[in-house]
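Down below is the structure, laid out as structure tokens.
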Amino acid sequence: MINEQVYRRFNHTVAACFVIYFLFPEYILEIKREYYILLFWILIITVEYLRLNKDLKVIGMRDYESNRIAGFVWFATGTCLILELYELGFVPQSLAIATIIMAAYTDPLIGEANQRFGDKWGIGLGLLSSFLIYQLIIGVLFYSIIGSMVAVASERPKIKWFDDDLAMQIIPILVLTVLSLMDFSPDLPQNILGGKL
Amino acid sequence: MKITRIYIYLMYIIVIFCIISFISEEHYIIASLLFLGNMLPGYAMAMSLMENNEN
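Keeping their order, the protein sequence lines are chains W and C. By the numbering used here, the letter at position 65 of the first sequence is numbered 148, and the numbering carries on one by one without gaps. By the numbering used here, the letter at position 9 of the second sequence is numbered 22, and the numbering carries on one by one without gaps.
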């Protein structure tokens, strides 16, 4: 058997590729691209329904996920929600891209660091990773510092019905979006990708 | 197991495709982030696949 923990981590980091969505044209096969988000989410929910109710074997699941919603569903839900919020004009593209990549990398990094070196390292490396990603993509210290702190804080609570895979995407992006609307906040670059694939 | 293997290969293809797409659009920072973030887990996954093959 393949190493399931490595498989889980790789699945998590590959999720950063969701940002390719922003290079897609507005219409694909004459259907607006946002409908594909919904289609993708329904596909994920269907797989999860079959896994929980019809004994569909999905490798890489943790023991406690045998009778509760799996991490991949929470992550996909968070990403689909961010993309829909972007399409509705509620969140800027720059924050959507940075948050999706940040969540895809920081959560497994914290998990790995916690396991190998302890919780303090998990928090430290999580802060560093999320700060660097926000700073590289957005380039505004104010948002990078707050975004990284909120992201790591969102990862900590272990709540059965609000997984950290979802929390690490939704909470930071909402906090940063609200902050960007405040008078005292520095300007936030709105769009960083404009091209079409 | 065969489906899992195909799925893993598909993940590699997706990562490579996305990196190339962002490079071709001159978004080097995002392309680099996709490469750097997937490099280690991708390597570990490849090692695990090879060990599995040997067994």
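C-beta: ideal position from N, C-alpha, C; glycine also.
inquiry  = Is the separation between the beta-carbon of residue 216(W) and that of residue 254(W) shorter than 8 Å?
reply    = As a first step, residue 216(W) is located in the first sequence; it is residue number 133 there, counting from the start. As a first step, residue 254(W) is located in the first sequence; it is residue number 171 there, counting from the start. At least 8 Å separates the beta-carbon of residue 216(W) from that of residue 254(W).
query = Got a sec: is the Cβ-Cβ distance from residue 63(W) to anything in chain C below 8 Å?
reply = Since the first and last residues shown for chain W are 84 and 280, residue 63(W) lies out of range.
message = I'd like to know if residue 234(W) contacts chain C, where contact means its C-beta is closer than 8 Å to some C-beta of that chain.
response = As a working mapping, residue 234(W) is identified with position 151 in the first sequence. No, no contact with chain C.
Among 229(W), 249(W), 243(W), the one whose alpha carbon lies nearest that of residue 268(W) = Taking the first sequence and counting its residues from 1, the one referred to as residue 268(W) is at position 185. Out of 229(W), 249(W), 243(W), the CA that lies nearest to the CA of residue 268(W) is found in 229(W).
ask   = Using a C-beta cutoff of 8 Å, does residue 44(C) count as contacting chain W?
value = In the second sequence, the residue the question calls residue 44(C) occupies position 31. Taking 8 Å as the CB threshold, residue 44(C) stays off the interface with chain W.
key: Per-residue burial, residue 157(W) [other beta carbons within 10 Å of its own, 16 or more giving buried]   = Taking the first sequence and counting its residues from 1, one reaches residue 157(W) at position 74. It counts as buried.
message = Would residue 169(W) and residue 99(W) qualify as a contact pair, given that the criterion is a beta-carbon distance under 8 Å?
response = Sequence index remark: in the first sequence, residue 169(W) carries index 86 (1-based). Sequence index remark: in the first sequence, residue 99(W) carries index 16 (1-based). No, the pair does not count as a contact, with Cβ atoms beyond the cut-off.
request  = Give the residues of chain C in contact with residue 102(W), contact being defined as C-beta atoms less than 7 Å apart.
outcome  = If you number the first sequence from 1, residue 102(W) lands on position 19. Within chain C, the residues near residue 102(W) are 43.
task = Anything in chain C within Cβ reach of residue 93(W), meaning under 8 Å, just list it in chain order.
result = By 1-based counting over the first sequence, the position of residue 93(W) is 10. From the beta-carbon of residue 93(W), the residues of chain C found nearer than 8 Å are 21, 24, 51, 54, 55, 57, 58.
message = Using only CA atoms, which one of 141(W), 115(W), 111(W) lies nearest to residue 20(C)?
response = The residue you call residue 20(C) lines up with position 7 of the second sequence. Ranking 141(W), 115(W), 111(W) by Cα distance to residue 20(C) puts 141(W) first.
request  = Taking all protein chains shown into account, decide if residue 274(W) is buried (16 or more other Cβ within 10 angstroms of its Cβ) or exposed.
outcome  = Residue numbering aside, residue 274(W) sits at position 191 when the first sequence is read from its first letter. By the 10 Å Cβ count, residue 274(W) comes out exposed.
message = Taking a contact to mean a Cβ-Cβ separation below 8 Å, would you say residue 160(W) touches residue 249(W) in this structure?
response = One-based indexing of the first sequence puts residue 160(W) at position 77. One-based indexing of the first sequence puts residue 249(W) at position 166. Yes, these two residues count as a Cβ contact at 8 Å.
task = Check the Cβ of residue 33(C) against every Cβ in chain W and list those closer than 8 Å, keeping chain order.
result = Position 20 of the second sequence, counted from the start, is the residue given in the question as residue 33(C). Correct list: empty, because the minimum Cβ distance to chain W is about 10 Å.
task = Note down, in chain order, all residues in the stretch 188 to 222 of chain W with a beta-carbon under 8 Å from any beta-carbon belonging to chain C.
result = Identification of residues in the stretch 188 to 222 of chain W having a C-beta nearer than 8 Å to some C-beta of chain C yields 188, 191, 216, 219, 220, given in sequence order.
task = Determine whether the Cβ of residue 67(C) lies closer than 8 Å to any Cβ atom of chain W.
result = Sequence index remark: in the second sequence, residue 67(C) carries index 54 (1-based). Nearest CB-CB separation between residue 67(C) and chain W: not below the 8 Å threshold.
request  = Could you pull the start and end residues of the alpha helix (DSSP H) that residue 89(W) belongs to?
outcome  = The count along the first sequence starts at 1 and reaches residue 89(W) at position 6. 87 to 97 is the extent of the alpha helix (DSSP H) around residue 89(W).
task = Kindly list the residues whose CB is nearer than 6 Å to the CB of residue 279(W), restricted to its own chain and excluding five residues on each side of it in sequence; keep chain order.
result = Numbered from 1 along the first sequence, position 196 holds the residue referred to as residue 279(W). Its pLDDT being 44, under 50, residue 279(W) is placed unreliably by the model, and the measurement read from it follows with that caveat. Residues of the same chain with a CB within less than 6 Å of the CB of residue 279(W), apart from the 5 flanking positions on each side, are 108 in chain order.
request  = Evaluate the contact criterion for the stretch 174 to 183 of chain W versus the stretch 109 to 127 of chain W: three or more CB pairs, one atom per stretch, below 8 Å.
outcome  = Taking 8 Å as the limit for Cβ pairs, the verdict is that the stretch 109 to 127 of chain W does not touch the stretch 174 to 183 of chain W.
request  = Go through the stretch 172 to 228 of chain W residue by residue and report every complete run of the alpha helix (DSSP H) that reaches 4 residues or more, in order.
outcome  = Segments of the alpha helix (DSSP H) lying fully in the stretch 172 to 228 of chain W: 176 to 200, 202 to 220.
inquiry  = Quick check on residue 261(W): buried or exposed, where buried means 16 or more other Cβ atoms within 10 Å of its Cβ?
reply    = Position 178 of the first sequence, counted from the first residue, corresponds to residue 261(W). So residue 261(W) ends up on the exposed side.
request  = Rounded to whole angstroms, what's the CA-CA distance from residue 62(C) to residue 200(W)? Just pull it up for me.
outcome  = For the purposes of this step, residue 62(C) is taken as residue 49 along the second sequence, with counting starting at 1. For the purposes of this step, residue 200(W) is taken as residue 117 along the first sequence, with counting starting at 1. Rounded to the nearest angstrom, the two C-alpha atoms are 26 Å apart.
request  = Consider the Cβ of residue 36(C): report whether some Cβ of chain B lies at a distance smaller than 8 Å.
outcome  = Here chain B cannot be found, since the structure's protein chains are W and C.
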